[in-house]
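Following: one structure in structure tokens, then a few remarks.
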């Protein structure tokens, strides 16, 4: 019992140390940008505002899709379909150490970026941003891409007619990401 | 992609009717739309801030430095392209992806993909094109700004403290993608 408590305390400490180190990541990145920009003699503030304007454009662009998709996710959640999906996926997911609640996220992630954002944001808001499930969903979101969109854009532009093994290899990378996301969150913050 | 939303909405209605949760579903529809607005408002600040910071880094020449740094290691992964013109856009694409500059990554990536297909006029994907596409489908972004913005909107204590897990995960995913591409290349037989 005491051992368990000590283990829990050390895990808690580890999380705290990590939080403290990476809480400094944001100001450090901002400072680095400011210093590097000033050293080069660029108009730092002008560049920053121009970048922020681009960010605003991105936000405006994804907002309509987010409204539609969060509506759909919220309906799915209320209908009980998401819980049923998680329950159905539970045995296989538990064996792999992946939280079954992330099943829907794993399904939509390679296909649609905004659907993944909606499903991920729903999980994070419900489970809590600092919970293991919330962190796992955030890491899954942050370390994968919209695989089929990327393949369509590049192969379409380059005139590729036969994709050969590009799709299975890319999906293998996605699956590795989902598995490692769950594993690394469990090890680092569990 | 077109079907995702339709499938979600229809299955919510079917499932809601079957389980008798239809009242909850109709309340949830409006709640969902509302939560999208709340989420967007709390996320937009962070999204703007980070694209501003990344823009400063780009203007300060960090992107160019990254391209120079990555050219050599990337040449090892793309031995056939390393002698041609494709190496420059490949390095530019990977560097822009690392910095989270999606707008700069796509044009460079398209240019690289076209050059990688030069040796295959019949439209059969070359091995190096497959590898390049697989590397692009694995997220390389160093600062997971969108995920951090979602976490911040949900009240995370330190939104960026997932960074180590994201790096480990991205690296594992990239490694598996490259290995899978190599393995499948051997299984399906060398082509050009």
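Residue numbers (the numbering used here), protein chains in the order written: chain A, 1 to 190; chain B, 1 to 192.
Backbone N, C-alpha and C define an ideal beta-carbon position, used for all residues, glycine too.
Note that the structure is a prediction, hence the values are computed from the model and not measured.
Under 8 angstroms between the Cβ atoms of residue i and residue j?
i                      : j                      : result
residue 139 of chain A : residue 154 of chain B : no
residue 46 of chain B  : residue 125 of chain B : no
residue 123 of chain A : residue 144 of chain A : no
residue 159 of chain A : residue 189 of chain B : no
residue 68 of chain B  : residue 87 of chain B  : no
residue 4 of chain B   : residue 108 of chain A : yes
residue 168 of chain A : residue 184 of chain B : yes
residue 160 of chain B : residue 26 of chain A  : yes
residue 151 of chain A : residue 137 of chain B : yes
residue 163 of chain A : residue 40 of chain B  : no
residue 75 of chain A  : residue 12 of chain B  : yes
Can you tell which of the options has its C-alpha closest to the C-alpha of residue i?
i                      : options                    : result
residue 172 of chain A : A:106, A:189, A:135, A:130 : A:106
residue 51 of chain A  : B:110, B:125, B:101, B:124 : B:101
residue 24 of chain A  : B:17, B:179, B:157         : B:157
residue 45 of chain A  : B:43, B:41, B:51           : B:51
residue 91 of chain B  : B:9, B:64, B:142           : B:64
residue 53 of chain B  : A:99, A:29, A:157          : A:29
residue 19 of chain B  : A:77, A:158, A:117, A:156  : A:77
residue 88 of chain A  : A:79, A:95, A:100          : A:100
residue 139 of chain B : A:134, A:147, A:135        : A:147
residue 117 of chain A : B:132, B:43, B:75, B:68    : B:43
residue 6 of chain B   : A:190, A:35, A:68, A:53    : A:68
residue 27 of chain B  : A:58, A:79, A:85           : A:79
residue 81 of chain A  : B:14, B:167, B:163         : B:14
residue 141 of chain B : B:105, B:73, B:41, B:159   : B:105
residue 144 of chain B : A:135, A:47, A:161         : A:135
residue 58 of chain B  : A:41, A:155, A:22          : A:41
residue 153 of chain A : A:111, A:90, A:93, A:126   : A:111
residue 49 of chain B  : A:64, A:31, A:39           : A:31
residue 38 of chain B  : A:64, A:84, A:190          : A:64
residue 182 of chain B : A:166, A:20, A:49          : A:166
residue 117 of chain B : A:161, A:190, A:49         : A:161
residue 22 of chain A  : B:10, B:62, B:167, B:73    : B:167
Quick test of your reading: residue i and residue j, contact by CB under 8 angstroms. State the CB separation rounded to the nearest angstrom.
i                      : j                      : result
residue 70 of chain A  : residue 36 of chain B  : 4 angstroms
residue 169 of chain B : residue 177 of chain A : 5 angstroms
residue 172 of chain B : residue 128 of chain B : Actually they are not in contact, since the Cβ atoms of residue 172 of chain B and residue 128 of chain B sit about 22 angstroms apart, beyond 8 angstroms.
residue 56 of chain B  : residue 86 of chain A  : With 8 angstroms as the limit, residue 56 of chain B and residue 86 of chain A do not qualify as a contact, their Cβ atoms being about 42 angstroms apart.
residue 60 of chain B  : residue 37 of chain A  : 4 angstroms
Near residue i, which residues of its chain fall below 7 angstroms by C-beta distance, leaving aside the five closest residues on each side in sequence?
i                      : result
residue 192 of chain A : Any answer about residue 192 of chain A is impossible in this case: the structure gives chain A only from 1 up to 190.
residue 176 of chain B : none
residue 149 of chain A : 113
residue 179 of chain A : 96, 98
residue 192 of chain B : Because residue 192 of chain B sits at a pLDDT of 47, beneath the cut-off of 50, its placement in the model cannot be relied upon, and the following sentence gives the value as read from the coordinates. These residues qualify, in order along the chain: 119, 120, 126.
residue 85 of chain B  : 115
Under 6 angstroms Cβ to Cβ from residue i, same chain only, skipping five residues before and after it: list those, please.
i                      : result
residue 120 of chain A : 105, 137, 141
residue 22 of chain B  : 16
residue 89 of chain B  : 108, 111, 112
residue 8 of chain B   : none
residue 35 of chain A  : none
residue 170 of chain A : 147
residue 66 of chain B  : 95
residue 90 of chain A  : 100
Who are the Cβ neighbours of residue i in its own chain at under 8 angstroms, not counting the five residues just before and after it?
i                      : result
residue 178 of chain B : 77, 131, 134, 135
residue 162 of chain B : 144, 147, 148, 151
residue 180 of chain B : 134
residue 2 of chain B   : none
residue 47 of chain A  : 37
Could you tell me whether the Cβ of residue i comes closer than 8 angstroms to any Cβ of chain D?
i                     : result
residue 93 of chain A : In the structure shown, chain D cannot be found, because the protein chains are A and B.
Check whether the Cβ of residue i lies closer than 7 angstroms to any heavy atom of the ligand NAD, and answer yes or no.
i                     : result
residue 50 of chain B : No copy of the ligand NAD appears in this structure; indeed no ligand is present at all.
State whether the stretch 85-101 of chain B contacts the stretch 128-137 of chain A, with contact taken as three or more CB pairs (one from each stretch) at a distance under 8 angstroms. no
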